[in-house]
């Protein structure tokens with residue numbers, strides 16, 4: 592018995608049957624004596640439909656009005672879910688972001704949560720109501736509606752769990768936990784019972800797409816007990832914690848891929864101080880997130896800098912750098928969108944230098960060419976040709992978890 | 592130059608093209624130096640679609656959650672309209688009911704406006720923004736979303752016009768003004784340049800469906816200059832005022848019909864005081880609105896009471912009365928849904944007793960049977976068989992406006 596926050600994604604509430612299923616999960620949890628706050632995304636394609644409607648009228652609509660439009664999606668799913676719970680005979684109330692007191696900054700389309708003013712949620716829980724809260728949205732200091740951007744509903748759920756000191760925050764999704772690799776892709780992928788925040792963070796950042804990194808970061812900061820679990824299977828999911836009790840036998844906890852990246856290379860930069868600062872502060876000022884950065888020695892008295900960005904930012908980044916060619920001073924800019932990032936993550940690899948070598952060996956055996964390598968304490972990432980991505984994940988996974996690996 | 596409130600109904604914002612048309616009307620008004628507040632309904636069938644979604648999940652959903660659901664419709668149309676105005680290059684902001692400060696009582700599904708806290712609208716107008724406000728919705732003292740029920744968006748527009756002391760409140764619709772009869776039905780129906788609040792009220796109540804009576808009542812109380820005008824034709828509409836300057840030549844200003852009614856008759860009631868009170872307080876307590884009431888002498892020591900309700904309330908009213916048969920004391924209850932009400936309205940008829948007689952003559956000449964008659968100072972209503980409705984409107988209109996009437 593305790594306070595449980597349950598988050599349901601767009602797939603989990605896509606139609607009337609699925610909403611009834613979500614209502615069943617919520618009321619079963621409530622029935623066991625728990626207080627329950629459910630955080631919902633918009634139904635399936637609602638957000639895409641609304642974006643399409645907007646594009647037909649004004650492809651360059653302001654972000655303020657886009658947020659006004661898009662925030663209706665969660666309001667609809669939450670009201671419908673509350674109705675489904677009413678039909679089961681339980682006390683329930685749905686709350687929008689502003690009603691729930693979700694205060695954000697003014698970054699329309701990608702707002703950050705500042706605080707939760709939880710009086711209303713608290714009052715409804717005191718009345719023994721099940722509380723359904725719209726994910727993905729809040730209001731800023733002008734009382735205007737904001738949305739939280741990618742992974743926003745996960746972040747809403749974790750923020751509410753943190754503010755309300757919930758005992759558990761369950762992220763219901765269409766997969767039944769965190770796997771050692773994408774189970775739709777890798778046949779012998781294994782579900783993890785537990786994983787640390789840091790490992791989950793690396794996996795999220797690396798495109799595992801189970802949990803968004805913003806929500807994991809927040810969960811780590813406020814020590815929220817997270818669980819990733821399926822809305823469909825009824826099986827236990829994967830727990831995400833500060834420290835995991837059972838150490839996984841393998842050194843790595845997963846293999847992830849990210850096809851949504853592009854690589855830019857600036858060739859022939861002057862070999863003088865301040866160059867990297869000029870490049871990356873320029874990109875940051877225009878909200879272009881840079882992932883891997885590599886600097887190498889170029890020809891003559893020059894150097895080259897390569898880095899990756901999200902594919903959608905590639906053209907903007909290229910244009911921006913070209914406009915500032917004279918102030919930065921480079922000879923050539925080269926872009927490549929035909930690449931993907933494949934990574935292994937695991938807290939165990941810090942003390943096992945052989946892990947990276949095993950990964951490279953697997954790729955070599957598979958005849959897969961590596962373009963860039965980047966490492967941290969708990970991960971190794973490589974860039975490969977995009978058409979090699981899925982095969983790379985498979986051969987790496989086989990290397991660490993395959994039948995011929997006596998460790999498992 | 593002044594402050595103009597413009598209301599656009601669901602048909603006027605039904606798709607992207609029509610929203611662009613609305614944006615053009617609004618910006619042309621703004622361009623002439625006016626401050627503009629636009630009040631919008633939900634797009635075409637949005638509300639019906641949402642009601643259908645809800646019915647699939649819970650046909651008996653609470654009104655609180657229904658309002659939460661339905662209020663998204665106007666939020667969508669307002670955000671889209673703001674985007675269309677942005678595309679034309681004008682400053683604009685959309686506001687929901689709660690952002691606009693539309694405070695209502697807690698009657699979910701049929702809330703009454705209590706006051707407009709107009710600081711936000713005022714501040715946006717001061718910034719020279721065009722302000723788009725969601726019609727049909729507000730919030731109650733619990734900060735919960737409410738909807739205003741039938742004709743709610745007209746009422747929102749008039750309430751905003753009253754609170755902001757607007758110079759004019761234009762109700763844009765798919766007809767281009769108030770006619771002497773439904774122009775889709777009666778060939779020689781004439782558009783009125785002006786009409787009084789009282790006449791409009793009778794016409795609205797009688798099912799003319801151009802303006803809802805709640806909005807006309809409010810306009811009369813706060814002396815808001817109203818205009819009913821087409822979003823499509825570009826022609827001047829009909830002005831609704833306290834006193835009209837040019838007296839219409841005819842004694843009546845219009846013929847209206849209402850097919851959405853049913854008649855109930857309680858037969859064999861005791862002829863003693865308090866019977867009518869018991870019946871109609873019971874119906875009022877269950878929010879069943881009664882329109883025409885007639886009491887007649889029955890057989891022996893009894894009396895009969897007949898009254899009309901909205902067709903949708905007929906079954907509820909019947910059930911309610913049957914449950915209370917013993918306390919009310921009647922012999923029989925008779926219902927008839929196969930009827931309609933046809934009415935003539937005109938301030939001029941007070942001093943012309945021949946007007947009602949002319950109406951009855953027209954119906955007699957047309958071979959149309961009259962079931963009930965009810966009169967007030969400025970209207971005469973009759974109940975006829977539903978299949979006679981349209982012909983009744985035509986013959987009455989011919990009588991007062993036809994070629995053979997030398998008055999016109």
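Residue numbers (my numbering), protein chains in the order written: chain A, 592 to 999; chain B, 592 to 999. For glycine and all other residues, C-beta sits at the position ideal for the given N, C-alpha and C.
When we look at the beta-carbon of residue i and count the other beta-carbons within 10 Å, is it buried (16 or more) or exposed?
i	result
residue 903/A	exposed
residue 995/A	Because the pLDDT at residue 995/A is just 44, under 50, the model does not fix this residue reliably, and the value given afterwards should be weighed accordingly. Exposed is the call here.
residue 822/A	buried
residue 956/B	exposed
residue 829/B	buried
residue 834/B	exposed
residue 806/A	buried
residue 775/A	exposed
residue 741/A	exposed
residue 639/B	exposed
residue 953/B	buried
residue 718/A	exposed
residue 731/A	buried
residue 918/A	exposed
Let me check understanding here. Comparing Cα to Cα, which of the options lies closest to residue i?
i	options	result
residue 866/B	822/B, 609/B, 920/B	920/B
residue 901/A	923/A, 930/A, 876/A	930/A
residue 694/A	683/A, 881/A, 707/A, 700/A	707/A
residue 906/A	601/A, 817/A, 792/A, 927/A	927/A
residue 859/B	918/B, 924/B, 882/B	924/B
residue 848/A	682/A, 621/A, 974/A	974/A
residue 754/A	721/A, 702/A, 816/A	816/A
residue 634/A	631/B, 598/B, 759/B, 641/B	641/B
residue 934/B	772/B, 629/B, 922/B, 789/B	772/B
residue 680/A	649/B, 897/B, 719/B, 844/B	649/B
residue 720/A	727/A, 711/A, 728/A, 726/A	711/A
residue 879/A	861/A, 852/A, 864/A, 892/A	852/A
residue 832/A	850/A, 825/A, 813/A, 824/A	813/A
Between the C-alpha atoms of residue i and residue j, what's the straight-line distance to the nearest angstrom?
i	j	result
residue 756/B	residue 989/B	41 Å
residue 697/B	residue 766/B	33 Å
residue 715/B	residue 684/B	8 Å
residue 911/B	residue 876/B	11 Å
residue 592/B	residue 627/B	10 Å
residue 992/A	residue 779/A	8 Å
residue 894/B	residue 886/B	7 Å
residue 986/A	residue 668/A	41 Å
residue 811/B	residue 748/B	14 Å
residue 898/A	residue 980/A	19 Å
residue 631/B	residue 843/A	56 Å
residue 623/B	residue 601/A	46 Å
residue 874/B	residue 913/B	12 Å
residue 793/A	residue 619/B	54 Å
residue 689/A	residue 724/B	18 Å
residue 869/A	residue 663/A	41 Å
Since residue i is in the beta strand (DSSP E), which residue starts that stretch and which ends it?
i	result
residue 927/B	923-927
residue 859/B	852-861
residue 895/B	893-901
residue 737/B	736-738
residue 730/A	728-730
residue 879/B	Note, residue 879/B: premise wrong, no beta strand (DSSP E); not H, not E.
residue 706/B	704-707
residue 722/A	721-725
residue 688/B	Neither: residue 688/B is in no beta strand (DSSP E) and is coded neither H nor E.
residue 613/A	First-last for residue 613/A: 607-622, but that is the alpha helix (DSSP H), not the beta strand (DSSP E).
residue 965/A	963-967
If I follow the unbroken alpha helix (DSSP H) through residue i, where does it start and stop?
i	result
residue 979/B	Element bounds for residue 979/B: n/a, residue is neither H nor E.
residue 661/B	654-661
residue 644/B	637-648
residue 946/B	945-956
Could you name the residues of chain E that residue i contacts, counting a contact when the two beta carbons are closer than 7 Å?
i	result
residue 653/A	No chain E is part of this structure, whose protein chains are labelled A and B.
Could you run through the segment 805-834 of chain A and flag, in chain order, every residue whose CB is less than 7 Å away from some CB of chain B?
If the cut-off is 7 Å between Cβ atoms, the segment 805-834 of chain A has nothing near chain B.
Query raised in the report: What residues in the segment 655-687 of chain A bring their beta carbon closer than 7 Å to a beta carbon of chain B?
Result: Answer set for the segment 655-687 of chain A: 656, 659, 660, 663, 666, 667, 670, 671, 673, 674, 675, 677, 678, 685.
What residues in the segment 621-648 of chain B bring their beta carbon closer than 8 Å to a beta carbon of chain A? Across the segment 621-648 of chain B, CB contacts with chain A closer than 8 Å involve 641, 644, 645, 647, 648, in sequence order along the chain.
**Message:** Tell me which residues of the segment 687-717 of chain A have at least one Cβ-Cβ distance to chain B shorter than 9 Å, keeping chain order.
**Reply:** Within the segment 687-717 of chain A, the qualifying residues are 687, 689, 690, 711.
Check each residue of the segment 597-624 of chain B: if its Cβ is closer than 8 Å to any Cβ of chain A, include it; give the result in chain order. Within the segment 597-624 of chain B, the qualifying residues are 607, 610, 611.
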